[in-house]
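Everything on this sheet refers to the single structure shown next.
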Amino acid sequence: MGSADISALLVAKANNDVPVSAVYSVFSQAPHAFFVVDDGTINSIKDIKGKRVATSPFTSSNLYLPIVLNHSGLSKDDIKLTKADPGALGPMLATGNTDVVIAWITNTEALKSQAKQAGKTLKVLPWHQAGLEQYATTLLASDRFLSERSDVAKRFIKAFEEAVAYTWENPVESAKSIHKIVPEVDVKVATNTITSIYSLVYNPISETSKLGQFDSKHLALTWKWASAAQGIDEASFDPEEAINRAFLTEVK
Numbered sequence: 009m010g011s012a013d014i015s016a017l018l019v020a021k022a023n024n025d026v027p028v029s030a031v032y033s034v035f036s037q038a039p040h041a042f043f044v045v046d047d048g049t050i051n052s053i054k055d056i057k058g059k060r061v062a063t064s065p066f067t068s069s070n071l072y073l074p075i076v077l078n079h080s081g082l083s084k085d086d087i088k089l090t091k092a093d094p095g096a097l098g099p100m101l102a103t104g105n106t107d108v109v110i111a112w113i114t115n116t117e118a119l120k121s122q123a124k125q126a127g128k129t130l131k132v133l134p135w136h137q138a139g140l141e142q143y144a145t146t147l148l149a150s151d152r153f154l155s156e157r158s159d160v161a162k163r164f165i166k167a168f169e170e171a172v173a174y175t176w177e178n179p180v181e182s183a184k185s186i187h188k189i190v191p192e193v194d195v196k197v198a199t200n201t202i203t204s205i206y207s208l209v210y211n212p213i214s215e216t217s218k219l220g221q222f223d224s225k226h227l228a229l230t231w232k233w234a235s236a237a238q239g240i241d242e243a244s245f246d247p248e249e250a251i252n253r254a255f256l257t258e259v260k
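Under my numbering, think of the first position of the sequence shown as 9, with each following residue one higher.
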């Protein structure tokens, strides 16, 4: 078992029918976002026209960038796009070497911390506000594992669900646990990160279909975005074929 962006699974299933299934939704909202210095010059996605935009070479956000720009009345020709090492994005924004950074909302606190050292504050422009409504981080498992060790899968998912609940109820203790495993992660930054990604897990989608589960309409919208980003015929694949709901626990 592991975790990945469900869009990658949908594309893989559509192209090669890989023997892997999604079993539990973690992020039911798209985590992609633009980050800008909060100086009043960029207040919406439309305002990045003509600006310098920096992104990581390998982030999945790059696939959705043209679509998000299009939904905001822009194109890639309207921005000056640069690809840089992920670790350089925060310093580039803080020092004024770029106007905009593309990153996941999970990076919010780390980027804010870097900007604060330069005496600046940041503004986050989530792409879901521009219509990028989709599932993202998801628990995946091989079909063989689910078949041969179904009891282990059920117990793992139950434990994972309990861990998610514990994290939100005890953010500081959870952050200390992260720090214990990865000492270079600051406890305060980890605590704030947990708080900042709350809306990716708990939102109207997860409230409607229950945490961890997959709403068919939202799943179809996820595939609509993923297929468009990859140039795949949306009608060529049913995203329901990538979901295995048999292992979802009863949510309290």
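C-beta: ideal position from N, C-alpha, C; glycine also.
Since the structure is predicted, the reported quantities are computational estimates derived from the model, not experimental observations.
Practice task
Could you tell me the distance, in whole angstroms, from the CA atom of residue 248 to the CA atom of residue 175?
Solution key: Each residue's CA atom was taken as its position, placing residue 248 and residue 175 some 30 Å apart.
Handout entry: Spatial neighbours of residue 237 in its chain, beta-carbon cut-off 7 Å, leaving aside the 5 residues before and after
Key = Correct list, in chain order: 71, 72 and 75.
Exercise for the section: Go ahead and pull the three-state DSSP assignment for residue 92. Expected result: Three-state result, residue 92: coil.
Problem - alpha helix (DSSP H) segment containing residue 21, residue limits - result: First-last of the alpha helix (DSSP H) with residue 21: 14 to 24.
Handout entry: Simplified DSSP assignment, three categories, for residue 87
Key = For residue 87, the three-state secondary structure derived from DSSP is coil.
Practice task
Can you have a look at residue 39 and say buried or exposed, based on whether 16 or more other CB atoms are within 10 angstroms of its CB?
Solution key: Counting every other CB atom within 10 Å of its CB across the protein chains shown gives residue 39 a total of 16 or more, marking it as buried.
Practice task
Could you please give me the residues that DSSP links to residue 148 through a beta bridge?
Solution key: Residue 148 pairs with 10 and 30.
Handout entry: Buried versus exposed, by CB contacts within 10 Å (16 or more), residue 32
Key = Residue 32 is buried by the Cβ-count criterion.
Problem - Inter-stretch contact (C-beta, 8 Å, three-pair minimum) for the region 89 to 96 and the region 54 to 65 - result: Proximity of the region 89 to 96 to the region 54 to 65 meets the contact definition, three or more beta-carbon pairs being nearer than 8 Å.
Problem - Three-way DSSP call (helix, strand, coil) for residue 140 in this model - result: Residue 140: coil per DSSP, three-state reduction.
Problem - Straight-line Cα distance separating residue 37 from residue 136 - result: When the Cα atoms are used, residue 136 and residue 37 turn out to be separated by approximately 7 Å.
Exercise for the section: Would you please state the rounded distance, in angstroms, between the beta carbons of residue 109 and residue 35? I believe it to be under 8 Å. Expected result: Here residue 109 is actually not in contact with residue 35; their C-beta atoms are around 20 Å apart, not less than 8 Å.
Problem - Spatial neighbours of residue 245 in its chain, beta-carbon cut-off 6 Å, leaving aside the 5 residues before and after - result: Closer than 6 Å at the Cβ level, and outside the excluded window around residue 245, lie 22.
Handout entry: Between the CA atoms of residue 82 and residue 58 - distance to the nearest angstrom
Key = About 10 Å.
Handout entry: Supposed close pair residue 123, residue 101 - CB separation, criterion 8 Å
Key = That belief holds up - the Cβ atoms of residue 123 and residue 101 are roughly 7 Å apart, short of 8 Å.
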